[in-house]
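Engineer:
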Ligand SMILES: CC(C)(COP(=O)(O)OP(=O)(O)OC[C@H]1O[C@@H](n2cnc3c(N)ncnc32)[C@H](O)[C@@H]1OP(=O)(O)O)[C@@H](O)C(=O)NCCC(=O)NCCS
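Pasting the structure below:
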């Protein structure tokens, strides 16, 4: 991110996160066409119309909320490299029935794997949920075989809270789903604060979301 002081390698953010728009849908779909990316995604593979039906309304609602000066309940971000190249997407989703609960999710292009992009994205999503939405709890879920996702959630400080044997049916095969989560008070508050500072995420102010997320970053 421009003008950021270098920190440790894991939090030395070189990526840019911006609210995604419908213009990002082709890149989302291209990412989800890769069997390596969808290997452990319970809802994939699926036709493009399925992904459009899922992401399209979320992106519309996000654009509408931002246009009204509000933060979206479900925030979908595009992750870009320093040259504006698309690396993937990440999201925070307000959990129904859990006030202050936010679920995180992420899908990166295969070319972006293995160099800390996912780790930094997880920290960004956590810091965004905490600082901008005042999150009380963070959670996530993945298939038991998704070692990369499990590791990312662990790095963020989420604990395995449960498992649902055979819960997901993917391409004719049953998979156990793991549930991860933690109260924000149990997370590394110092690291979250560092990340928020580096990325310019301010304190929650419902009346002024621009104070939390600089308008220039919303594009
Ligand atoms: C999961 C994903 C986001 C990880 O992104 P990434 O940029 O490769 O992650 P990082 O480079 O930051 O690696 C983070 C850690 O996870 C580990 N890791 C990543 N992928 C792994 C894998 N397939 N198996 C085992 N460990 C893995 C890394 O070794 C690293 O561990 P370390 O910190 O102990 O060294 C990426 O692989 C992806 O987009 N996968 C497809 C979509 C998906 O499954 N999303 C999650 C949906 S629940």
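In the numbering used here, the protein residues as written are 122 to 340.
For glycine and all other residues, C-beta sits at the position ideal for the given N, C-alpha and C.
For clarity, every value in this text was computed on a predicted model and none was experimentally measured.
Just the Cα atoms here: how many angstroms apart are residue 199 and residue 294?
Structural biologist: Numbered from 1 along the chain shown, position 78 holds the residue referred to as residue 199. Numbered from 1 along the chain shown, position 173 holds the residue referred to as residue 294. The alpha-carbon atoms of residue 199 and residue 294 are separated by roughly 31 Å.
Engineer: So, for residue 141: in the same chain, excluding its five sequence neighbours on each side, which residues have a beta-carbon less than 7 Å away from its beta-carbon?
Structural biologist: Your numbering for residue 141 matches position 20 in the chain shown. Here the set comprises 180, 197, 198, 199, 210.
Engineer: Can you give me the C-alpha to C-alpha distance between residue 281 and residue 272, rounded to a whole angstrom?
Structural biologist: Numbered from 1 along the chain shown, position 160 holds the residue referred to as residue 281. Numbered from 1 along the chain shown, position 151 holds the residue referred to as residue 272. Using only the alpha carbons, I get a separation of about 11 Å.
Engineer: Tell me the residue span of the beta strand (DSSP E) that contains residue 302.
Structural biologist: The residue labelled residue 302 in the question sits at position 181 within the chain shown. Run containing residue 302: 294 to 304, per the beta strand (DSSP E) assignment.
Engineer: In this structure, does DSSP put residue 164 in helix, strand or coil?
Structural biologist: Mapped onto the chain shown, residue 164 falls at position 43. DSSP places residue 164 in coil when its eight states are reduced to three.
Engineer: For residue 268, is the classification buried or exposed, using 16 other Cβ atoms within 10 angstroms of its Cβ as the cut-off for buried?
Structural biologist: Counting from one through the chain shown, the residue named residue 268 turns up at place 147. The residue in question, residue 268, is exposed, as its Cβ has fewer than 16 Cβ neighbours within 10 Å.
Engineer: Between the Cα of residue 229 and the Cα atoms of 161, 313, 310, 277, which residue gives the shortest distance?
Structural biologist: The count along the chain shown starts at 1 and reaches residue 229 at position 108. Across the set 161, 313, 310, 277, the C-alpha of 161 shows the shortest separation from the C-alpha of residue 229.
Engineer: Quick check on DSSP: helix, strand or coil for residue 153?
Structural biologist: Counted from its first residue, the chain shown places residue 153 at position 32. Coil, per DSSP.
Engineer: Spell out the partners DSSP gives residue 333 in its beta bridges.
Structural biologist: Position 212 of the chain shown, counted from the start, is the residue given in the question as residue 333. Answer is none; residue 333 lacks a bridge partner.
Engineer: I need the straight-line Cα distance from residue 129 to residue 208, nearest angstrom please.
Structural biologist: As a working mapping, residue 129 is identified with position 8 in the chain shown. As a working mapping, residue 208 is identified with position 87 in the chain shown. With a pLDDT of only 45 at residue 129, under the threshold of 50, the placement of this residue in the model should not be trusted; the figure read from the coordinates follows. Approximately 21 Å between the Cα atoms of the pair.
Engineer: In chain order, which beta strand (DSSP E) runs of at least 3 residues are fully inside the segment 238 to 322?
Structural biologist: 258 to 264, 280 to 291, 294 to 304
Engineer: Evaluate residue 175 with the Cβ neighbour count: other Cβ atoms within 10 Å of its Cβ, from every protein chain shown; 16 or more gives buried, anything less gives exposed.
Structural biologist: As a working mapping, residue 175 is identified with position 54 in the chain shown. Exposed: under 16 other Cβ atoms inside 10 Å.
Engineer: Let me check you understand the geometry: is the CB of residue 244 closer than 7 Å to at least one non-hydrogen atom of ligand 2?
Structural biologist: This structure does not include ligand 2; its bound ligands are ligand 1.
Engineer: Between which two residues does the alpha helix (DSSP H) containing residue 179 stretch?
Structural biologist: Taking the chain shown and counting its residues from 1, one reaches residue 179 at position 58. Note, residue 179: alpha helix (DSSP H), 169 to 188.
Engineer: How is residue 214 classed by DSSP in three states: helix, strand or coil?
Structural biologist: Translated into positions along the chain shown, residue 214 becomes position 93. Residue 214 falls in the strand class under three-state DSSP.
Engineer: Does ligand 1 have even one heavy atom less than 7 Å from the beta-carbon of residue 295?
Structural biologist: Counting from one through the chain shown, the residue named residue 295 turns up at place 174. Residue 295 Cβ: outside cutoff for every heavy atom of ligand 1.
Engineer: In whole angstroms, what is the alpha-carbon distance linking residue 217 and residue 223?
Structural biologist: As a first step, residue 217 must be located in the chain shown, where it is residue number 96. As a first step, residue 223 must be located in the chain shown, where it is residue number 102. Near 9 Å, if we compare the C-alpha coordinates of residue 223 and residue 217.
Engineer: Taking the beta strand (DSSP E) that residue 229 belongs to, which residues open and close that run?
Structural biologist: Translated into the one-based positions of the chain shown, residue 229 becomes position 108. Counting along the chain, the beta strand (DSSP E) containing residue 229 begins and ends at 222 to 229.
Engineer: DSSP beta-bridge partners for residue 345?
Structural biologist: There is no way to answer for residue 345, as the model of the chain reaches only from 122 to 340.
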